[in-house]
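A.B. asks:
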Amino acid sequence: MAMTTLDDQQTARTAAERFGDDVAPLAGQLYPAALRMTRNPADAEDLVQETLTKAYANFGQFQEGTNLKAWLHRILTNTFINGYRKRQREPLRADAEEIEDWQIARAEEHTSSGLKSAETEALDRLPDSDVISALRKLPGDRRTAVYLADVEGYPYKEIADMMDTPIGTVMSRLHRGRRQLRDLLADYAREHGLAVA
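Position one of the sequence shown corresponds to residue -1 (my numbering), numbered consecutively onward.
#1: Counting only runs of 4+ residues fully inside the stretch 121 to 153, write out the alpha helix (DSSP H) ranges in chain order.
#2: In the stretch 28 to 84, which residue ranges form an unbroken alpha helix (DSSP H) of at least 4 residues, counting only runs that do not cross its ends?
#3: Out of G81, Y145, N56 and I79, which one is the CA nearest neighbour of W69?
#4: So, are the CB atoms of V168 and I157 less than 7 Å apart?
#5: The alpha helix (DSSP H) that contains E88, what's its start and end?
#6: Per DSSP, what kind of secondary structure is L24 in: helix, strand or coil?
#7: So for L182, helix, strand or coil by DSSP?
#8: Let me know the secondary structure DSSP gives M163 once reduced to three states.
#9: Residues in the same chain with beta-carbon distance under 7 Å from T49, minus the five sequence neighbours each way, listed in chain order, please.
#10: What's the call for M141, buried or exposed, on a 16-neighbour Cβ count within 10 Å?
#11: My guess is that G175 and A143 are in contact by the Cβ rule of under 8 Å, so how many angstroms apart are they, rounded?
#12: Whose CA, out of Y145, D162 and Q47, lies closest to the CA of A25?
#13: Please classify D181 as buried or exposed, where buried requires at least 16 neighbouring CB atoms within 10 angstroms.
#14: Would you grab the beta carbon distance between L45 and A32 for me? Rounded to a whole angstrom, and I think it's under 8 Å.
#15: Distance, Cα to Cα, Q59 vs G151?
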């Protein structure tokens, strides 16, 4: 019985050491992604901390030999989305005299069909409404691939890991999504003096 307890402690210590050795070099790469998602340094730090806590708690589920960076980014993304959804479900509480215009605008984001998705929220942050509108017209899998590659800047391999699809499928979705986006934005390009191929 004492031997089993000693083995369990050694295994736990080994997992903790492995987590520290493997994750520490990647932890700094999570902050820029978190900052892009939250647009707030303090919230980004909180998001990274929560991500690392969840990763540590679930490190036993990580399969060695797979992409640790993609696994961490998936946890980061899911944590952000879950937090976003949770915040959207929370009612606004304030005295009528304390309510500001931005709070009213935020309350109007709620529609009868539900809340905005995290993806819609991210697309809303893009600078031009024509580009946003064109991106929203893409089918979901193509829109996600184009967004992750061209807006967030992820490499194909990481997108494949995040979307849980082969890299060839990601490349195909990107090619088709970009072509469809180019067609949708042809008039926009002409209006802004951009060359249309």
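Here a beta-carbon is modelled for each residue, glycine too, at the ideal position from N, C-alpha and C. Quantities reported herein were computed from a predicted structural model and do not represent experimental measurements.
C.D. replies: Short version:
#1: 127 to 135 and 138 to 144
#2: 39 to 55
#3: Along the sequence shown, read from residue 1 onward, the residue named residue 69 stands at position 71. The residue with the shortest Cα to Cα distance from W69 is N56.
#4: The sequence position of residue 168 within the sequence shown is 170, counting from 1. The sequence position of residue 157 within the sequence shown is 159, counting from 1. Result yes, Cβ atoms of V168 and I157 sit closer than 7 Å.
#5: As a working note, residue 88 is residue 90 in the sequence shown. From DSSP, E88 is part of no alpha helix (DSSP H); its letter is neither H nor E.
#6: Position 26 of the sequence shown, counting from 1, holds the residue named residue 24. Residue state, collapsed to three classes: helix.
#7: Here the question's residue 182 lines up with position 184 in the sequence shown. Helix, per DSSP.
#8: Along the sequence shown, read from residue 1 onward, the residue named residue 163 stands at position 165. The question names Met, but residue 163 in the sequence shown is Thr. Three-state DSSP puts T163 in coil, outside helix and strand.
#9: As a first step, residue 49 is located in the sequence shown; it is residue number 51 there, counting from the start. These residues qualify, in order along the chain: L28, L70, I73, L74 and T77.
#10: Residue numbering aside, residue 141 sits at position 143 when the sequence shown is read from its first letter. For the record, residue 141 in the displayed sequence is Arg; it is not Met. The residue is buried, with at least 16 neighbouring Cβ atoms inside 10 Å.
#11: What you label residue 175 is simply residue 177 of the sequence shown in a count that begins at 1. What you label residue 143 is simply residue 145 of the sequence shown in a count that begins at 1. About 6 Å; that satisfies the 8 Å criterion.
#12: The residue given as residue 25 occupies position 27 in the sequence shown. Closest by C-alpha distance to A25, out of Y145, D162 and Q47, is Q47.
#13: Taking the first residue of the sequence shown as 1, we reach residue 181 at position 183. By the neighbour-count rule (16 or more Cβ atoms within 10 Å), D181 is not buried but exposed.
#14: Counting from 1 along the sequence shown, the entry for residue 45 is found at position 47. Counting from 1 along the sequence shown, the entry for residue 32 is found at position 34. Contact flag correct, Cβ pair sits at about 4 Å.
#15: Residue numbering aside, residue 59 sits at position 61 when the sequence shown is read from its first letter. Residue numbering aside, residue 151 sits at position 153 when the sequence shown is read from its first letter. Cα to Cα, Q59 sits roughly 27 Å from G151.
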